[in-house]
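So the structure is just underneath, and the comments pick up after that.
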Amino acid sequence: MSDITVHIIDREGVQHDIAAPTDMNLNLMEVCKAHELPVKGTCGGMAMCASCHCYIESDHELNEASEDEEDMLDQAFFVEDNSRLGCQIFMKEELDGLTVRLAEESE
Amino acid sequence: MIETDLLIIGAGPTGLFTVFEAGLLKMKCHLIDSLPQPGGQLAEIYPKKPIYDIPGYPVVMAGELVDNLMEQIKPFNPGFTLGESAVTIEKCEDDSFIVTTDKGTQHKAPSVAVAGGLGVFTPRKPPIENLPAFEDKGVDYIVRDPEKFRDKRVVISGGGDSALDWTVFLADVASEVSLVHRRTSFRGHLDTVDKVQELAQQGKVKLITNAEVVDVHGTDQLSQVTIKQKGADDLLIDCDHWLPLFGLTPTLGPIADWGLEIEKNAIVVDNATDYRSNIEGIYAIGDVNTYPGKLKLILCGFHEATIMVQSAFKRAFPDKKLSFKYTTVMGGVGSLE
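These protein sequence lines are chains B and E, in that order.
Read in numbering that gives the first Met the number 0, the first sequence has 74 at position 75, and its numbers run on one by one without any break.
Read in numbering that gives the first Met the number 0, the second sequence has 212 at position 213, and its numbers run on one by one without any break.
As structure tokens, then:
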């Protein structure tokens, strides 16, 4: 299976075009961390923190956010209609070309 | 002053297991943690989540792992300072350290193991630029004394239990309570959610949903907040207090100012030796440290703790010879003196 390309815009506005494998069940948070993008992933991808909050900027069809994810987005800030938690978005072929922007970090 | 052989900062899984490994070397341990209960993230964030990568356990609930660790270290009778965070450290003339907490409790030990995980759990603060200027001047992240809000106009943000609980409570105390929430549904206990809806219908609470506070205003004290509501113009609300209640998030905290080498919010250690930091006698183990190839896994924390205590032993008992023993040979730890 071939890699897909995802475009991740960091908090400085710089776009990173990243090749992500689709056969490892990787999520977007893990992809960001693997490429040393500033995503903390505090809870380890369990939708229990909001440190991988991002905005989906392309019109890819995504799996719907679970109740857990929505609950966690309640604790994030500057949440928009296109807000998601990166850890709940899994790399698969349909997501080739996905563009996301990292949300501002809260401290 | 509490005196011990090894002072452990952080009572998460790594800190707890350190007590076991140190105990095998007959070292006494004391743990400090900012949370009121041991277990760190496992107890605070995800007690009901299954963990799959603990050797020997195909699956274990986080809370259960903490209970088991507590059981495992019981024979070594560790001391705990819970609900207090380590704030300062000073080096004594005898080469040991004194660590003082935010409540003034002092601890002395020849070695300090920082097992602080992701840090101290502190309230999550909205990223509003001039927010810090209004902290304690109208903006509170924790309700300590509800009387402070008597006959005041209060805006509460959040959709979870603490936001709902305080909305219900302050409805009878404050002159005006507005609850601002991102969605129309809430994730708190059902009866509290019902109560809030009821108070809203009675006009005792103003419910502003699909909305969030995006700015704060005032000269010295908070006097207004700007609320952005989906599909509507921004709303300015006059208020005396704003309570952003968005749960807790860990930050490295005061440890960042201890003179330790920090990289990406973690303490740089030497993984080729004994997880020592740049300060002799201070070690960092578990999620709080970093080194080339670091993995933030519980089992890696356990390994780091085991290696580290061998070194801490030499600092605690410079004249004693360390001889490594397998627990299997001793027939269980219960047989230790």
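Every residue gets a Cβ at the ideal spot worked out from N, C-alpha and C, and that includes glycine.
8 Å contact criterion, which residue i and residue j should meet: CB distance rounded
i, j, result
"aspartate 150 (chain E)", "serine 174 (chain E)", "5 Å"
"proline 37 (chain E)", "alanine 61 (chain E)", "Incorrect: roughly 12 Å between the Cβ atoms, too far for contact."
"leucine 169 (chain E)", "valine 153 (chain E)", "6 Å"
"isoleucine 141 (chain E)", "leucine 178 (chain E)", "Not really, about 17 Å apart at Cβ, beyond 8 Å."
"glycine 159 (chain E)", "glycine 187 (chain E)", "6 Å"
"aspartate 237 (chain E)", "threonine 225 (chain E)", "Not a contact, Cβ separation roughly 12 Å."
"leucine 68 (chain E)", "phenylalanine 16 (chain E)", "6 Å"
"leucine 25 (chain B)", "valine 99 (chain B)", "That pair is no contact at about 14 Å."
"isoleucine 8 (chain E)", "valine 113 (chain E)", "5 Å"
"leucine 97 (chain B)", "valine 5 (chain B)", "5 Å"
"lysine 102 (chain E)", "glutamate 83 (chain E)", "5 Å"
"glycine 116 (chain E)", "glycine 11 (chain E)", "5 Å"
"valine 350 (chain E)", "proline 145 (chain E)", "Outside the shown range of chain E, which is 0 to 336, sits residue 350 (chain E), and nothing can be said about it."
Where residue i meets chain E, residues with beta-carbon distance less than 9 Å
i, result
"aspartate 70 (chain B)", "Gly158, Gly159, Arg186"
"glutamate 103 (chain B)", "Pro126"
CB contact below 8 Å: residue i versus chain B
i, result
"isoleucine 44 (chain E)", "yes"
"proline 249 (chain E)", "yes"
"glycine 333 (chain E)", "Caution is warranted here: a pLDDT of 45 is assigned to glycine 333 (chain E), below 50, making its placement in the model unreliable, and the coordinate value is therefore given only provisionally. Output row for glycine 333 (chain E): interface = no."
"glutamate 336 (chain E)", "Bear in mind that the predicted position of glutamate 336 (chain E) carries a pLDDT of just 42, short of 50, making it too unreliable to give a figure here."
Contacts of residue i in chain B (Cβ-Cβ under 7 Å)
i, result
"lysine 48 (chain E)", "Met45"
"phenylalanine 245 (chain E)", "Gln74"
Where residue i meets chain B, residues with beta-carbon distance less than 8 Å
i, result
"arginine 181 (chain E)", "Leu72, Asp73, Val78"
Those residues which DSSP pairs with residue i across a bridge
i, result
"glutamine 200 (chain E)", "Beta-bridge pairing links glutamine 200 (chain E) to no other residue."
"tryptophan 249 (chain E)", "It is proline, not tryptophan, that sits at residue 249 (chain E) in the sequence shown. Per DSSP, E:Phe120."
"threonine 87 (chain E)", "E:Thr99"
"glutamine 14 (chain B)", "B:Ile8"
"alanine 19 (chain B)", "B:Ile3"
"leucine 221 (chain E)", "E:Gly217"
"proline 243 (chain E)", "E:Ser156"
"aspartate 32 (chain E)", "E:Leu81"
Proximity test, Cβ basis, 8 Å: residue i and chain E
i, result
"histidine 15 (chain B)", "no"
"cysteine 48 (chain B)", "yes"
"cysteine 51 (chain B)", "no"
"cysteine 42 (chain B)", "yes"
Cross-chain neighbours of residue i in chain E, by beta carbon under 7 Å
i, result
"cysteine 86 (chain B)", "Near cysteine 86 (chain B) there are no residues of chain E at all, since even the closest Cβ is about 13 Å away, more than 7 Å."
Under 7 Å, CB to CB, which of the residues in the stretch 115-136 of chain E have a partner in chain B? Leu117, Arg123, Lys124, Pro125, Pro126
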